[in-house]
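Under the UniProt record's numbering, residues 1 to 522 are what the sequence shown spells out, in order.
Each residue gets a CB set at the ideal place from its N, CA and C atoms; glycine is no exception.
Here the structure is a predicted model, which means the values were calculated and not measured.
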Amino acid sequence: MRMGVAGCEREGAEREFMTEKLVLDGRYRLEHFFKGGFGVLWKARDLKADIWVAVKVLRDPAEVAEQAGTSVKSVEPGLKARFLRECVILREMRHPSIPAWLGQGYHDGSPYLVMEWIDGVSLCDFIKTYGALKPSVVASIVVQIAEALDCAHRHGVIHRDLNPNNVMITPRGVVHLIDFGIALPTDPSATRHTAPGYMSPNTPGYTSREQFWGGAVGPASDIYSLGCIVYELHTGSWPFHETPEGGLEYHHTSDRVAPPVAEGAPGLPPELARTVDRMLVKRVEGRLGSAEEVHAAYHPFLPAEGDPEPIPRMTHDPTLPFREPDRTSPAPPVRARGHRRSRGAHRDTPQLRTDEAQAALDAARRELSDGPGPGPDCAALEPVRRNAVRAWGLRTELAARIQLLCADVRLHHGDRAQPSDVRAALALCQELVAALDGQTATGLHEVFLSARLGEACCMWALGSDPTPAFDGWAAVATEAAVLTEPPEDPVLRCRELGERFIEASVRAERARALLARLPVTR
Numbered sequence: 001m002r003m004g005v006a007g008c009e010r011e012g013a014e015r016e017f018m019t020e021k022l023v024l025d026g027r028y029r030l031e032h033f034f035k036g037g038f039g040v041l042w043k044a045r046d047l048k049a050d051i052w053v054a055v056k057v058l059r060d061p062a063e064v065a066e067q068a069g070t071s072v073k074s075v076e077p078g079l080k081a082r083f084l085r086e087c088v089i090l091r092e093m094r095h096p097s098i099p100a101w102l103g104q105g106y107h108d109g110s111p112y113l114v115m116e117w118i119d120g121v122s123l124c125d126f127i128k129t130y131g132a133l134k135p136s137v138v139a140s141i142v143v144q145i146a147e148a149l150d151c152a153h154r155h156g157v158i159h160r161d162l163n164p165n166n167v168m169i170t171p172r173g174v175v176h177l178i179d180f181g182i183a184l185p186t187d188p189s190a191t192r193h194t195a196p197g198y199m200s201p202n203t204p205g206y207t208s209r210e211q212f213w214g215g216a217v218g219p220a221s222d223i224y225s226l227g228c229i230v231y232e233l234h235t236g237s238w239p240f241h242e243t244p245e246g247g248l249e250y251h252h253t254s255d256r257v258a259p260p261v262a263e264g265a266p267g268l269p270p271e272l273a274r275t276v277d278r279m280l281v282k283r284v285e286g287r288l289g290s291a292e293e294v295h296a297a298y299h300p301f302l303p304a305e306g307d308p309e310p311i312p313r314m315t316h317d318p319t320l321p322f323r324e325p326d327r328t329s330p331a332p333p334v335r336a337r338g339h340r341r342s343r344g345a346h347r348d349t350p351q352l353r354t355d356e357a358q359a360a361l362d363a364a365r366r367e368l369s370d371g372p373g374p375g376p377d378c379a380a381l382e383p384v385r386r387n388a389v390r391a392w393g394l395r396t397e398l399a400a401r402i403q404l405l406c407a408d409v410r411l412h413h414g415d416r417a418q419p420s421d422v423r424a425a426l427a428l429c430q431e432l433v434a435a436l437d438g439q440t441a442t443g444l445h446e447v448f449l450s451a452r453l454g455e456a457c458c459m460w461a462l463g464s465d466p467t468p469a470f471d472g473w474a475a476v477a478t479e480a481a482v483l484t485e486p487p488e489d490p491v492l493r494c495r496e497l498g499e500r501f502i503e504a505s506v507r508a509e510r511a512r513a514l515l516a517r518l519p520v521t522r
């Protein structure tokens, strides 16, 4: 089992500054490292937050140059640019199934990136252990990957190295998409940082024809890679193998059609078989084009709350977040676009009435504002939240407000909040921001602004660099200042967080200027 990072090998002493037990910036104590393609990943202890984090540093350019058979001068600029691009990508993308950006900096002139540490097993090892999987288990994995991939694509980012070593499953069954080290913006002006004579890296058994050939890549390129993974999940085998006729690259780039997945998985529901076969079409124009389509196809096959665990029993069970959401709260993000569940999904969940949900929200609000702190009414709101999101989606104002209050409950103790509670609140706010971005209805936009402020608050609490938190706050403050009828809740949150920035001397002059422009609320 690989813990925390997949596809990396433990090796001997690394560069001089990466000495065992070194503490970066007086905060991150480096403990154990794993070597990957372009970076070295350390498991480190955040001495301030008292949590484990992942610290990624650039590999020695001389080592990479030697491996590529070229000069240090030719590879070093591209390596640093690629590394810094990964920092930007993770900083801009916020999703519960993508490791959270926590900070970045330099040590002795070398950049480093601090991310959420993911404890778990790689999907590669998971497949080796369990082989071909039942549709409900496959759906539990694929839906979570598709959510993360859809987030990346909506941010204009193509992963480019989607394979089982870059997917992790935690002991609680939450799936994470990791390693955006060779990810590429879809912006055509983005620079391809590949050294002369050094091919852009990828994993041959999971790479599309257009990427092999160095052509333009897009979301469909990641869908092909995901299709290879899904084929393997259903059948326990790759769609293509090396043969006397040619190797993996030959079979993935030729016009040879992938064998139908149903041949290797007898009894697979026809709608899933059609989806996988369309994901593996060689020509981009004929291929399934989006992660959202994959999500829609697999969502009806998710296990329902209360379903029995799979047989054989799994130590890292991806169905757990759906079968027992109480044990994994907050649950993986739930699509707010109205995908319908079938096949008895959530058949054990009682129908939620609007008046009951509103009453639960009102009771929790009173308890949080008038009492000594979260109590039984706040605790009772969490199952209401899950049912509301499932029944109505996050683009329903009542469900969105319930989720926002659940995040507030997690953050009630402010600076004394436990890191686990802060991360849970961050996940809830991220889901709201993703679901409500672009919504113009007054109530939904109000929740969107408040969720962005909650997100900024969480990022500041978890990260060493307050810059992304300040930038998020400043964006909301700037918008609130020009609204004709600014909603009261985001304005109050803006004031509170802005005053905290001033108190902590974080861009205090800019914070005062923005606070002065905020309207006076009732």
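- Under DSSP, Tyr224 shares a beta bridge with no residue.
- Here the alpha carbon of Ala481 sits roughly 10 angstroms from the alpha carbon of Cys494.
- No Cβ-Cβ contact shorter than 7 angstroms links Tyr28 with Ala54.
- At the C-beta level, Asp277 and Pro259 stay beyond 7 angstroms of one another.
- For Glu263, the closest C-alpha among the options Arg287, Glu249, His234 is that of His234.
- Within the DSSP bridge table, the entry for Ile169 names Val121, Val175 as partners.
- The Cβ atoms of Leu30 and Leu41 do not sit closer than 7 angstroms to each other.
- Between Asn163 and Tyr231, the gap from beta carbon to beta carbon reaches 7 angstroms or more.
- For the pair Ala388 and Cys378, the CB atoms are not nearer than the 7 angstroms cut-off.
- With contact defined as three or more Cβ pairs closer than 8 angstroms, the region 447–458 and the region 104–119 are not in contact.
- Rounded to the nearest angstrom, the Cβ distance from Leu302 to Val294 is 13 angstroms, too far for a contact under 8 angstroms.
- Arg395 sits in coil when the DSSP states are folded into three classes, being neither helix nor strand.
- Per the C-alpha coordinates, the member of Leu483, Asp108, Phe322 positioned closest to Pro300 is Phe322.
- Partner residues in the beta bridge of Met115, as assigned by DSSP, are Ala54, Trp101.
- Secondary structure at Phe33: strand, using DSSP grouped into helix, strand and coil.
- The distance from the Cβ of Ala391 to that of Ala360 is about 13 angstroms, inconsistent with a contact at the 8 angstroms cut-off.
- The beta carbons of His159 and Pro219 sit no closer together than 7 angstroms.
- When the five nearest sequence neighbours on each side are left out, the beta carbons in the same chain lying within less than 8 angstroms of the beta carbon of Arg366 are those of Asp377, in order along the chain.
- Taking the C-beta atoms as reference points, His316 is found nearer than 7 angstroms to Ile169.
- Taking 7 angstroms as the cut-off, the Cβ atoms of Ser140 and Pro318 count as close.
- Asp60 and Glu249 have their C-alpha atoms spaced approximately 29 angstroms apart.
- Cβ contact annotation for Arg94 (same chain, cutoff 6 angstroms, sequence separation greater than five): Gln430, in chain order.
- Taken through DSSP and simplified to helix, strand or coil, Leu24 comes out as strand.
- Val257 counts as exposed, since fewer than 16 other beta carbons sit within 10 angstroms of its beta carbon.
- Considering only Asp355, Gly443, Ala504, the residue with the shortest C-alpha distance to Ala469 is Ala504.
- Spanning the alpha carbons of Gly109 and Gly26 requires a straight line of approximately 16 angstroms.
- In the DSSP assignment, Asp46 falls within the unbroken beta strand (DSSP E) covering 39–46.
- In the three-state reduction of the DSSP assignment, Ser254 falls in the coil class, being assigned neither a helical nor a strand state.
- Assignment of Ile158 by DSSP, reduced to helix, strand and coil, places it in the strand class.
- With contacts defined by Cβ atoms closer than 7 angstroms, Cys457 and Leu404 do not form a contacting pair.
- Counting the other Cβ atoms within 10 Å of the Cβ of Val174 gives 16 or more, which makes it buried.
- Considering only Gln104, Leu280, Glu479, Leu79, the residue with the shortest C-alpha distance to Thr467 is Gln104.
- Taking all protein chains in view, the Cβ of Asp437 is surrounded by fewer than 16 other Cβ atoms within 10 Å, so the residue is classified as exposed.
- Within the region 226–309, the complete alpha helix (DSSP H) runs of at least 4 residues fall at 248–253, 261–264, 270–279, 291–298.
- Residue environment: Leu483 is assigned as exposed (fewer than 16 neighbouring CB atoms within 10 Å of its CB, all protein chains considered).
- Of the other Cβ atoms in all chains shown, 16 or more fall within 10 Å of the Cβ of Gln144; this residue is therefore buried.
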